[in-house]
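Protein chains in written order, with this note's numbering: chain A, 2 to 774; chain B, 10 to 165. Built from N, CA and C at the ideal position, the CB exists for glycine as well.
The following block contains the structure:
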């Protein structure tokens, strides 16, 4: 990519599921420029040191070579605050959605600050692009995008405390050391707490970031150790943390009933009847835009709003609500029809769009040994446990109107201008208070519920309103993981090595934007592109009106299943060991002079080989297993993480599948918080197993499954053991919210094949007659 | 006027419809928001509270049916600043991810340990199966329950 990426387009691309290309995006992104990165300090209101460091991306040559955009104005209070009483407050700029970022960011800052962890409190920062740059939780990008910034912020504050102590004591800075929130001078046996130095440090000039020496990895005291989440005490005692927990004086409650089929409009509704119901203040039609099928649009969907005094009054009134929908422009999407159309298209060797073609795949596949497989995977719902909600307060004032919002979003940086646009204000008239998010999984990268709350707050006439979605709203109006189909044909040479690869994907095109549906389609760099000469990836597009969006490891979570299942089909047809077959393919590119372990890394064959071998070794690949147990393996690279997983599975006579153990080998660079990292991987394995048994289906434009009774996610019984091994390489670290998900599903399906000889080519696996124990 | 005993305190609540689920009285009227709304059809367990020590789904319990029963919510587990063995184990084992289901998990686990001081894995599975964790923290929920059971045993 050569284009300059703006914050907005960068994040939109992320939302569009292009985060598989994140390495090149990171390298090219220009938000906020590295050359403008610098320290700015102010005295804290209560004394002490407040150190701000303008946000930046990892340093790399390309970014530095580009002309710098205008400077970012300084707003106080960015990352570190040391009070005179020694209390240290660190600010986490990105939303906490369960990925543990608030804890991990605190650990990184505290490490370079050399703070004692028990002195530290971590708080959610305000939402302010001018200070923090892009603020979002998505693409497992929080760690890679903030690793350098946060280490420099911590080290910069430490350097100022060192300078203050050296000045006070009249000794060279080089003789001064730090440990546990204390500055020490060994020769004179003097020491001073950070708190006692904070005011003096604040009066000193800030250091040049280039002069800062970051710690060697071997000297880490905090990074890599186990930390319990910084909000855990509040969580186990039921403190208000989430968007849904917000209570404001005089707050009213709102629901918005929308057409079950996207694109439908309100023809009429029994508003007068509703307004008379107990506890109801108002009911009105929201004209909205039926074309707002793209939930990124600055518009809300049409519907009927009810405003009442509490949640139950609006939920109850809604049961009496009778809406006549004008469905003339509504979606007629039908999964049954898509399946039939895809089967027909799958007989073609090539789709209408060629994504990438090298060599002559048709010729290569016209002779020799070939293997074919047609795969199908359904739509799934995010089903994050906290239903969408948002609290908003629109105030008219003599100096202009303002909008204040309490937002459980993954992408406040986009939500703020979106909300401003909906109510006709400028972004600077809008304030966001970021709330803890009760599960993201990508759903809350979309801010449709934020836009709705902003709209309803303006209509509510000066009182704060809390918009509440029910679970049914949530499952009817999700931005689903897109389903799809893949027709593969692969070739094997005389040695049984992979010699040709033809992928024809049948995916979707958004009817409004005419773009390939979010996270649908084959990325141009999808493995094994570049590893096999005769290669073609192409796609056919079916029209789709149903909104779809990023869902945990977008694109990767399904692409991994089709490619890694088909790799196993090929190795099986070649009568080769699956591990050895995969290693041969990666070996074609291995050992080449790799880039130094710096900069945003892409798929690296040596790292792939490393984790495949490690997972196989730790799982005891090829060694005897308990009777009836079988192994399956898969590898996938996504979100800068190289991860291989080996599933140990048994299948009973009734085709009930038990996953006994998942062995995971992960190369994600250094681990920040070992406890959090393990938790994410364990969760990814459970989620991937769960999702093998799930789908939502649409008919006549309406989703058929609208609550958990029809969407049976996994419970605690038969939770697999997860045996996790981190490589801890010297590459820059990446986030772990996503990359352990993609290899898990295909590893399980490959193990089912090993156990039964039955290839799972349709998801959910119930379509193939299997169930999950 | 409705009277409700929650966490040892008597509350007088005015102007609430009889069919209001206990969940919404706790959250909207008493501002005890630790109890969560997840599905509204007793499928997820996020709204679990105790009625006279027994775990119930507060989204399905009309407030008028509670009567003089004693309600305990997650806010009422700790004695002041002193956390229960389960709360401590939850922190020690760093159970939560998004954390939204966790108060419901804790209420079910508390009821489990009250009835069975040393549950087996199978007993944990059976008792806790009504509580969904979308993040999949089940490995740690199980570990924390065992750990709390051991801690209580050690102190006895």
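Three-state secondary structure (DSSP) at residue 222/A? Here residue 222/A sits in coil by DSSP.
Where do the ends of the beta strand (DSSP E) carrying residue 304/A lie? Annotation for residue 304/A: the continuous beta strand (DSSP E) segment containing it runs 304 to 309.
Which residue wins for smallest C-alpha separation from residue 213/A, given the options 770/A, 154/A, 244/A? If we check each option's Cα against that of residue 213/A, 154/A comes out closest.
Can the beta-carbon of residue 284/A be found closer than 9 Å to that of residue 272/A? Remark: C-beta atoms of residue 284/A and residue 272/A approach each other more closely than 9 Å.
How about residue 704/A and residue 476/A: do their beta carbons lie closer than 9 Å? Their beta carbons are under 9 Å apart, which means residue 704/A touches residue 476/A by this criterion.
Would you mind working out which of 650/A, 615/A, 633/A, 536/A sits nearest residue 627/A, comparing C-alpha positions? It is 650/A whose Cα lies nearest to the Cα of residue 627/A.
Pairwise C-alpha distance: residue 49/B and residue 69/B: Cα to Cα, residue 69/B sits roughly 7 Å from residue 49/B.
Is the Cβ of residue 91/B closer than 9 Å to any Cβ of chain A? Not one chain A Cβ lies under 9 Å of residue 91/B.
Please determine if the stretch 111 to 119 of chain B and the stretch 138 to 153 of chain B are in contact, where contact requires at least 3 C-beta pairs separated by less than 8 Å. Cβ pair count under 8 Å is three or more, so yes.
With 9 Å set as the bound, which would you pick, yes or no: does the beta-carbon of residue 144/B sit closer than that to a beta-carbon of chain A? Using a CB distance cut-off of 9 Å, residue 144/B counts as an interface residue toward chain A.
Does the Cβ-Cβ distance between residue 81/B and residue 59/B come in under 9 Å? Against a cut-off of 9 Å, the Cβ pair of residue 59/B and residue 81/B comes out as a contact.
What did DSSP end up calling residue 50/B once you bin it into helix, strand or coil? If DSSP states are grouped into helix, strand and coil, residue 50/B belongs with coil.
Would a check of beta-carbon distances place residue 3/A closer than 9 Å to chain B? The pLDDT assigned to residue 3/A is 25, lower than 50, so where the model puts this residue is not dependable, and the model offers no usable value.
Quick check on residue 735/A: does DSSP put it in helix, strand or coil? In this structure, residue 735/A counts as coil in the three-state DSSP scheme.
Which word fits residue 98/B, buried or exposed, when buried means at least 16 other C-beta atoms lie within 10 angstroms of its C-beta? Buried: at least 16 other Cβ atoms inside 10 Å.
Going straight from the alpha carbon of residue 710/A to that of residue 52/B, what length do you get? Going from the Cα of residue 710/A to the Cα of residue 52/B covers about 7 Å.
Chain-ordered neighbours of residue 112/B on chain A, where CB pairs are closer than 7 Å: In chain order: 239.
Mind listing, in chain order, the continuous beta strand (DSSP E) runs of no fewer than 3 residues lying wholly within the stretch 633 to 708 of chain A? The stretch 633 to 708 of chain A contains these whole beta strand (DSSP E) runs: 642 to 652, 657 to 668.
Cut-off 6 Å between Cβ atoms - residues of its own chain near residue 41/B, not counting five sequence neighbours on either side: Once the five neighbours on either side are set aside, the close Cβ partners of residue 41/B are 35, 82, 84.
Own chain, CB closer than 8 Å to residue 107/B, minus 5 neighbours either side, in chain order: Sequence-distant partners of residue 107/B (beyond 5 residues in either direction) whose C-beta falls short of 8 Å from its own C-beta, in its chain, are 143, 144.
Residue 30/B versus chain A: which residues are under 8 Å apart at the beta carbon? Correct list: 313.
Is any beta-carbon of chain A found at less than 9 Å from that of residue 66/B? Not an interface residue.
Which residues, in chain order, does the stretch 242 to 275 of chain A contribute to contact with chain B at a C-beta distance below 8 Å? Within the stretch 242 to 275 of chain A, the residues whose Cβ lies closer than 8 Å to any Cβ of chain B are, in chain order, 242, 243, 245, 246, 248, 254.
Taking C-beta pairs closer than 7 Å, name the residues in chain D that residue 40/B reaches, listed in chain order. Of the protein chains in the structure, A and B, none is chain D.
C-beta neighbour in chain B for residue 722/A, strict 9 Å: By this cut-off, residue 722/A is an interface position.
Can you tell me whether residue 71/B is helix, strand or coil according to DSSP? It is a strand residue.
Give the DSSP-derived three-state secondary structure of residue 378/A in the structure shown. In the structure shown, the three-state DSSP call for residue 378/A is strand.
Supposed contact pair residue 529/A and residue 502/A - C-beta distance, whole angstroms, cut 8 Å: Going by Cβ atoms, the distance from residue 502/A to residue 529/A rounds to 6 Å, so yes, they are a contact pair.
Quick one: measure Cβ to Cβ for residue 616/A and residue 646/A, integer angstroms, because I've assumed they're closer than 8 Å. Right, the Cβ-Cβ distance comes to about 6 Å (below 8 Å), so this counts as a contact.
Under DSSP, the beta strand (DSSP E) around residue 283/A begins and ends at which residues? Element bounds for residue 283/A: 281 to 287.
Quick test of your reading: residue 117/B and residue 137/B, contact by CB under 8 Å. State the CB separation rounded to the nearest angstrom. Contact between residue 117/B and residue 137/B is confirmed by a C-beta separation of about 6 Å, below the 8 Å threshold.
I want to know whether the stretch 321 to 336 of chain A touches the stretch 257 to 266 of chain A - three or more CB-CB distances under 8 Å. As far as the Cβ criterion goes, the stretch 321 to 336 of chain A touches the stretch 257 to 266 of chain A, which means the pair count is three or higher.
Residue 593/A versus residue 605/A: straight-line alpha-carbon distance, rounded: Between residue 593/A and residue 605/A, the C-alpha separation is close to 10 Å.
CB-CB under 8 Å to residue 687/A, same chain, minus the five flanking residues each way: which ones, in chain order? Within the same chain, and ignoring the five residues on either side of residue 687/A in sequence, the residues whose Cβ sits closer than 8 Å to its Cβ are 715, 720, 721.
Partner residues on chain B for residue 704/A, Cβ-Cβ distance less than 8 Å: For a Cβ distance threshold of 8 Å, nothing in chain B lies close to residue 704/A: the least Cβ distance comes to about 15 Å.
Can you find a CB in chain B that lies within less than 9 Å of the CB of residue 471/A? It does: the Cβ of residue 471/A has a partner Cβ on chain B nearer than 9 Å.
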